[in-house]
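Be aware that the sequence shown starts at 5, since it is given in our numbering, and climbs by one per residue. Just so it is clear, CB atoms sit at the ideal spot from N, CA and C, and this is done for glycine as well. Below: one structure, written as structure tokens.
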Amino acid sequence: MANDSTDRIVADLRRWIATAPPGARVPSNRELMARHGASPVTVQKAMRTLVALGLVDSRPGVGTFVRGIRPPRPVDYAWQTSALGAAQSRLLGLPSAQRAPSPDAIALHAGYPDRELLPERLVRSAIARAARTDAAATRSPVAGAPDLQAWFAAELASAAPAGVTPPAARDVLILSGSQSGLSSIFRALVGPGQPLLIESPTYWGAILAATQANVRLVPVASGPDGPDLDDVDRAFEQTGARAFYVQPTYANPTGAQWSAERGRAVLDIARRHGAFLVEDDWAHDLAIDTDPRPIAAFDDDGHVIYLRSLTKSVSPALRVAAVTARGPARERILADRAAESMYVSGLLQAASLDVVTQPAWRTHLRSVREQLRARRDVLVSSLAEHAPLAHLEHVPRGGLNLWLRLPGDTDVEGFVRACEGRGVIVADGAEWFPAEASAPHIRLNYSGPSPERYPEAARVIAEELDRAL
């Protein structure tokens with residue numbers, strides 16, 4: 005209620021300031037309290053907001069006055085073109101999944117779940133408790149907080165079969181989000197100009213991280229069941245690649261999940277070629293119809309570099325992830341991370357560990373599973389009813405996304421713009437291909453806000469697809 009009152013006072017004064025001359029005295033706090041029926045605290049918050057916006061100057065003991073606005077002068081940044089040189093095309097602009105939609109739009113493009121799918125109460129309580137510990141005022145170890153390292157190691161060890169030595173806590177490196185981990189892995193284990201096998205399509209952030217690391221991408225086609233084993237073997241043989249980046253569990257964008265047999269077969273190929281398998285288990289906590297089966301659980305000789313994030317399942321405000329690696333590979337990744345960011349906030353680590361070790365965390369995951377299933381099924385049925393030309397290759401068994409193939413002559417960029425013009429935001433599938441797109445696709449996130457509007461969105465998609473053909 006107080007926030008609403010503050011916003012009303014700020015809006016009222018901004019309208020007044022727009023016509024007032026520079027130096028004009030702003031109505032006093034007493035006048036504003038009487039005019040808006042607001043408390044002194046609310047009025048003071050409004051004035052602080054205006055000062056922060058640079059609209060007024062507050063002079064203690066004198067009053068508050070409209071700030072003089074300097075007329076803008078044209079600024080020429082042309083010199084930067086010569087200084088920066090040619091840009092790498094992959095680094096131009098934000099991906100469509102990162103766009104901020106208008107408040108009334110149906111957002112099907114984002115890569116994060118709606119906040120109602122997050123354990124918000126657990127997160128708030130955990131942050132408050134962490135703030136009262138030494139983590140709020142001390143530096144964390146470079147490799148991460150030992151208790152959090154041990155938790156990640158135990159999670160992976162719980163999936164390891166008999167006869168496989170599970171990872172130890174020291175094998176785990178805590179990261180400020182999985183994106184930074186990908187960059188370090190590619191720099192430390194692959195290197196500039198060297199080949200990296202990568203599924204196609206795959207996570208655009210991995211493509212971006214590889215581009216920034218100057219790694220040469222070698223696409224390997226991957227479908228609902230994963231890549232063809234002969235294709236993987238041939239790619240390793242022809243390129244001499246040191247690593248293969250994969251998402252075998254609820255892949256982004258396709259939602260594919262490899263069978264346990266396929267995962268072990270790909271691991272055997274990597275072993276045979278003396279290479280690494282970089283397993284990105286981004287959706288480990290977002291299962292629906294099946295359970296995750298990390299390939300890393302079957303590896304104890306250091307071939308799998310295992311990446312797991314809590315960002316999407318706990319909170320985007322707690323950007324905490326971990327990479328599990330053994331042997332010299334672990335030391336090289338750690339050295340890169342230490343040079344890049346030195347350490348991860350101990351406060352964020354403590355809060356994350358608090359959340360995932362609460363009994364209510366498992367209850368939350370069971371609830372999210374059912375909510376994701378319901379949202380996925382509503383969007384799938386809505387598209388089947390209203391937009392049959394948008395072909396869904398398979399229904400994902402976990403994760404957040406549907407991967408839809410459009411008719412072959414669809415102008416996807418124009419189609420995406422047309423949908424956005426009608427308030428439905430979808431993501432252009434071309435961004436998930438490390439080379440040319442094999443066919444026109446769009447990605448839809450079924451975990452966003454307003455699932456009751458999914459049928460409306462499907463109708464808009466159908467109508468704009470008809471117009472595009």
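Bridge partner(s) assigned by DSSP for residue i
i	result
G244	None; G244 has no bridge partner.
Y254	Paired residue(s): none; Y254 is not in a bridge.
V223	Going by the sequence as given, residue 223 is Pro instead of Val. I202, per the DSSP bridge assignment.
I309	V282
P231	S226
Among the options, the one whose alpha carbon lies nearest that of residue i
i	options	result
F69	L357, S32, L160, A163	S32
E344	L369, R191, S454, T23	R191
R34	P332, M51, A22	M51
P252	A291, L338, D118	A291
L177	D293, R401, S144	S144
Residues of its chain near residue i, where Cβ-Cβ distance is below 8 Å and the 5 sequence neighbours each way are ignored
i	result
G27	F69, V70, G72
A109	E424, G427, V428, I429
L200	F190, V194, A214, V219, R220, L221, V222, A245, R246, A247, F248, Y249
S180	R323, V324, A325, S345, V348, S349, L352
Y420	Before going further, note that residue 420 is Val rather than Tyr in the sequence given. Hits under 8 Å: S100, V430, A431, D432, I446.
L271	L281, I299, F302, D303, H307, V308
Proximity below 9 Å, CB of residue i to CB of residue j
i	j	result
A274	D229	no
V359	L322	yes
S182	W286	yes
P117	L369	no
L406	G115	no
R379	V399	no
D305	H277	no
V47	M37	yes
P444	I211	no
A355	V127	yes
A225	S442	yes
Residue burial classification, residue i (beta-carbon count within 10 angstroms, cutoff 16)
i	result
Y81	exposed
R457	buried
M346	exposed
S43	exposed
A472	buried
V66	exposed
R312	buried
T169	exposed
S371	exposed
D295	exposed
A461	buried
W436	buried
Sequence-distant residues of the same chain with beta carbon closer than 7 Å to residue i, five excluded per side
i	result
D151	L357
M5	Note that M5 has pLDDT 48, beneath the 50 cutoff, so the model's placement of it is unreliable and the number below is only indicative. Cβ within range, chain order: n/a, list empty.
L54	V14, L17, V60
A173	P150, Q153, A154, A157
V464	C423, R426, V428
R266	D229, G230
Contact set for residue i: own chain, Cβ-Cβ below 6 Å, skip 5 residues either direction
i	result
L122	S319
E374	none
D413	none
R297	A264
A391	A462, I465, A466
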